[in-house]
Ligand code: UD1
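Residue numbers (the working numbering): 226 to 562.
Right, dumping it as structure tokens:
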């Protein structure tokens, strides 16, 4: 029988790609999204790609009793929880909003699951929980560090809460994302641009498109081979597929809490990403070297061998494909500044 998966934040960047992959794997997703960082038009893209328009509720996950009604109406089997705020800088300015929405939202969801007898959850976490790891690549056993921002704290607190709650019967998988980039190869869904991007790849594509004058590389005096920071960039479609594997894993595993690093295992500098973009698109990017950004981690990349072995998942897209799809997505966006 088709399994029904509730996807909170299912119209967002990673959520929408995951909904497509769930449909393609034969699941029936039900989206719950309050449109705080998305629009209902994302459903059109999902429908064009998959041929199915999933049920979507415009709802804040803080509304516990409404969540309960949805879980019962649709006989939800498992939940993937994306709905959260994610802007690091904004979280420093509005920490209470972040704790309320991200931690409060998770508590509300867990209550709704408990009250309706649901006990299978996939949680969106981040490599931010590790801070600057002492040893690289980082494994799931690397220690958590004090997060640099309230956003990071909400992910760390979320995971710590889930570790406790899993002991009372909530079977949980935490996926620790590295740096998701790109868009669906069809360019029918991607990351919606809202204001000036904080993240590297949207800033690159918007600069190349003339929306931004110049990209600033935040520092070239780090202890790396070209002086710029190292990250593990992962194609959003690969990341979305990891959620489908996590859902399969949840129904089989006896373990009550499992964390997986979801990255490619390859660390790349900011300048290497820019070079790959230039090679892929044949566009010369206008960039300058600037000062370091406060709170940036020097280098982090994943050891994803646990996800490879236990989830049977691995990243397939390379950096050029990430750049190609990010650029294709940028190309069909309505002109803006
Ligand atoms: C950040 C968060 C991470 C969060 C993610 C959400 C930190 C330390 N990490 O990741 O927890 O999950 O956003 O999307 O804040 N860069 C430039 N110029 C730019 C933008 C970025 O040089 O205009 C550089 C940064 O210094 C960094 C790299 O590009 O070295 C990637 O930055 P970004 O895309 O913002 O992601 P993270 O900071 O790694």
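Cβ atoms here follow ideal geometry from the backbone N, Cα and C, with glycine treated the same way.
Is residue i close to chain B, meaning its C-beta is less than 8 Å from at least one C-beta of that chain?
| i | result |
| --- | --- |
| residue 333 | As a matter of chain content, chain B is missing from the structure shown, which is built from one protein chain. |
Report, in whole angstroms, the separation of the C-beta atoms of residue i and residue j, which I expect to be a contact under 8 Å.
| i | j | result |
| --- | --- | --- |
| residue 255 | residue 286 | Between residue 286 and residue 255 the Cβ distance is about 13 Å, and since that is not below 8 Å, they are no contact. |
| residue 347 | residue 229 | About 14 Å; that fails the 8 Å criterion. |
| residue 426 | residue 406 | 4 Å |
| residue 475 | residue 398 | 6 Å |
| residue 292 | residue 236 | Their Cβ separation, rounded to whole angstroms, is 16 Å, which puts residue 292 and residue 236 out of contact at 8 Å. |
| residue 510 | residue 433 | 6 Å |
| residue 526 | residue 455 | 6 Å |
| residue 264 | residue 324 | Residue 264 to residue 324, Cβ: 26 Å. No contact. |
| residue 403 | residue 343 | With 8 Å as the limit, residue 403 and residue 343 do not qualify as a contact, their Cβ atoms being about 29 Å apart. |
| residue 435 | residue 554 | With a Cβ gap of about 16 Å, residue 435 and residue 554 do not count as contacting. |
| residue 355 | residue 370 | 6 Å |
| residue 531 | residue 365 | 6 Å |
Residue i: which of the options sits nearest, CA to CA?
| i | options | result |
| --- | --- | --- |
| residue 458 | 348, 548, 257 and 289 | 548 |
| residue 533 | 499, 508, 237 and 484 | 484 |
| residue 261 | 527, 536, 326 and 447 | 326 |
| residue 336 | 387, 422, 352 and 550 | 387 |
| residue 563 | 357, 445, 501 and 502 | Nothing about residue 563 can be read from this structure; the chain reaches only from 226 to 562. |
| residue 473 | 552, 382, 270 and 345 | 345 |
| residue 314 | 383, 341, 470 and 421 | 421 |
| residue 362 | 308, 524 and 240 | 524 |
| residue 409 | 417, 289 and 390 | 417 |
| residue 274 | 491, 411, 512 and 435 | 411 |
| residue 359 | 367, 501 and 241 | 367 |
| residue 401 | 487, 517 and 544 | 487 |
| residue 492 | 305, 528, 241 and 504 | 528 |
| residue 311 | 369, 424, 296 and 289 | 424 |
| residue 396 | 471, 439 and 377 | 471 |
| residue 515 | 415, 453, 277 and 259 | 453 |
| residue 245 | 364, 468, 328 and 320 | 468 |
| residue 238 | 226, 331 and 268 | 268 |
| residue 258 | 272, 306 and 428 | 306 |
| residue 428 | 513, 350, 536 and 284 | 513 |
| residue 501 | 545, 540, 461 and 490 | 545 |
| residue 234 | 413, 419, 535 and 330 | 330 |
| residue 279 | 266, 419, 290 and 289 | 266 |
| residue 535 | 370, 477, 462 and 288 | 477 |
| residue 494 | 447, 518, 538 and 369 | 447 |
| residue 431 | 248, 560 and 304 | 560 |
| residue 522 | 328, 308, 377 and 299 | 377 |
| residue 350 | 341, 328, 339 and 227 | 328 |
| residue 444 | 248, 461 and 496 | 496 |
| residue 241 | 413, 499, 556 and 289 | 413 |
In terms of residues, what are the limits of the beta strand (DSSP E) holding residue i?
| i | result |
| --- | --- |
| residue 440 | 440-443 |
| residue 304 | 303-306 |
| residue 282 | 280-283 |
How would you write the range of the alpha helix (DSSP H) that residue i sits in, first residue to last?
| i | result |
| --- | --- |
| residue 429 | 425-433 |
| residue 295 | 289-298 |
| residue 509 | First-last for residue 509: undefined, no H or E at that position. |
| residue 551 | 544-556 |
Say yes only if the C-beta of residue i is nearer than 7 Å to one or more non-hydrogen atoms of ligand 3, and no if none qualify.
| i | result |
| --- | --- |
| residue 451 | Ligands in the displayed structure: ligand 1; ligand 3 is not one of them. |
**Prompt:** Which full runs of the alpha helix (DSSP H) of 4+ residues lie inside the segment 227-270, going along the chain?
**Reply:** Along the length of the segment 227-270, whole alpha helix (DSSP H) runs at least 4 residues long occupy 238-249, reported in chain order.
**Request:** Let me know the alpha helix (DSSP H) ranges lying completely inside the segment 311-358, each 4 residues or longer, listed in chain order.
**Result:** Runs of the alpha helix (DSSP H) inside the segment 311-358: 313-318, 320-323 and 330-340.
**Asked** Which runs of the alpha helix (DSSP H) fall wholly inside the segment 453-496 and span at least 4 residues, in chain order?
**Response** With a minimum length of 4 residues, the continuous alpha helix (DSSP H) runs that stay inside the segment 453-496 are 461-477.
**Asked** Which parts of the segment 352-422 are runs of the alpha helix (DSSP H), unbroken and 4 residues or longer, counting only runs that do not cross its ends?
**Response** Counting whole runs of 4 or more residues, the segment 352-422 contains the alpha helix (DSSP H) stretches 375-391.
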